[in-house]
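Undergrad: The letter at position 51 of the sequence shown is residue 373 when you use our numbering, and the numbering goes up by one with no holes. Positions of the beta carbon are idealized from the N, C-alpha and C atoms, including for glycine. These figures come from a predicted structure and were not determined experimentally.
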Amino acid sequence: MSTAQDSIGVVVLEPNKQLLDRICASAHKVWGQNEVLPRQTGRELALAAKNLNVGLVVVRASFQRSSQLVQSTLLDMYGAGTQMIILQDTPFRVSESTWATVAGLHFLSDKANDEQLTDLLTIALVRHCMPQFNKLI
Numbered sequence: 323m324s325t326a327q328d329s330i331g332v333v334v335l336e337p338n339k340q341l342l343d344r345i346c347a348s349a350h351k352v353w354g355q356n357e358v359l360p361r362q363t364g365r366e367l368a369l370a371a372k373n374l375n376v377g378l379v380v381v382r383a384s385f386q387r388s389s390q391l392v393q394s395t396l397l398d399m400y401g402a403g404t405q406m407i408i409l410q411d412t413p414f415r416v417s418e419s420t421w422a423t424v425a426g427l428h429f430l431s432d433k434a435n436d437e438q439l440t441d442l443l444t445i446a447l448v449r450h451c452m453p454q455f456n457k458l459i
C-alpha cells in the first residue's frame, strides 16, 4: 500500500451499523486496520473521493442507486481506477453462489459468507497492487 497521507485502501459505504462493522472487520483482516475508512453517507463518500486516493469501495447495490451524488461519485472513482465490491441485495444477482469480477467491478451476493468476502477482498488487494489485472483483456 502507498505510504502517502492522501491514500486509503478501502472505503465502506454502508449505513447499517451491524453490516458496516462486519464488512470493516473483514477488510481490516486483509487490507490492514489503518487502510479501512468506514463511510455512511454519499456526502462523506464524495469528500473521501475528492481528497483521497481510494483503492476499493464496498457498497450495497440498492444503496449504490440511492442518490445521484452516490452514483456520480462512484462512477468518477471507478474512472480514476478505484475497484468496487458491489454487495448484491437486489432480486437479480449476477451469482448466488460465488462472486463475479469484470475489470475492477466485483459482484458478491449479500447471502455470501465472511470467508467469501475475505477471499474477494484478498483478490481486490492483489489487483490493487498489480493494476494491470483490472483491465479488460
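Give the DSSP bridge partners of N375, in chain order.
TA: Translated into the one-based positions of the sequence shown, residue 375 becomes position 53. DSSP output for N375 lists S329 as bridge partner(s).
Undergrad: For S329, count neighbouring C-beta atoms within 10 Å of its own C-beta (all shown protein chains included) and say buried if the count is 16 or more, exposed if not.
TA: Along the sequence shown, one-based indexing puts residue 329 at 7. Its Cβ having fewer than 16 others within 10 Å, S329 is exposed.
Undergrad: In this structure, how does DSSP classify T404 when only helix, strand and coil are distinguished?
TA: Sequence index remark: in the sequence shown, residue 404 carries index 82 (1-based). Coil.
Undergrad: Measure the CB-CB distance between L378 and V332 and report whether it falls below 7 angstroms.
TA: The residue you call residue 378 lines up with position 56 of the sequence shown. The residue you call residue 332 lines up with position 10 of the sequence shown. Against a cut-off of 7 angstroms, the Cβ pair of V332 and L378 comes out as a contact.
Undergrad: Looking at the unbroken beta strand (DSSP E) that takes in T423, where does it start and where does it end?
TA: Taking the first residue of the sequence shown as 1, we reach residue 423 at position 101. Unbroken beta strand (DSSP E) run through T423: 422-424.
Undergrad: Looking at the structure shown, is S348 part of a helix, part of a strand, or coil, going by DSSP?
TA: Indexing the sequence shown from 1 puts residue 348 at position 26. S348 falls in the helix class under three-state DSSP.
Undergrad: From the DSSP output, which residues share a beta bridge with Q410?
TA: Counted from its first residue, the sequence shown places residue 410 at position 88. Q410 pairs with S431.
Undergrad: Given 8 angstroms as the limit, is there contact between the stretch 390-409 and the stretch 350-360, that is, 3 or more CB pairs closer than that?
TA: These segments do not touch.
Undergrad: In terms of residue numbering, what span does the alpha helix (DSSP H) encompassing T363 cover?
TA: What you label residue 363 is simply residue 41 of the sequence shown in a count that begins at 1. That residue, T363, is in no alpha helix (DSSP H); it is neither H nor E in DSSP.
Undergrad: Which value, in whole angstroms, describes the spacing of the CA atoms of N356 and C346?
TA: Residue numbering aside, residue 356 sits at position 34 when the sequence shown is read from its first letter. Residue numbering aside, residue 346 sits at position 24 when the sequence shown is read from its first letter. Spanning the two alpha carbons is a distance of roughly 11 angstroms.
Undergrad: Sort T412, L442, D432 by Cα distance to T423 and report the nearest one.
TA: Locating residue 423 in the sequence shown gives position 101, counting from the first residue. Nearest of T412, L442, D432 to T423, Cα basis: L442.
Undergrad: Roughly how many angstroms lie between the CA atoms of V380 and L335, to the nearest whole one?
TA: Position 58 of the sequence shown, counted from the first residue, corresponds to residue 380. Position 13 of the sequence shown, counted from the first residue, corresponds to residue 335. Each residue's alpha carbon lies about 6 angstroms from the other.
Undergrad: What residues match up with L335 in a beta bridge as DSSP calls it?
TA: Taking the first residue of the sequence shown as 1, we reach residue 335 at position 13. R361, V381.
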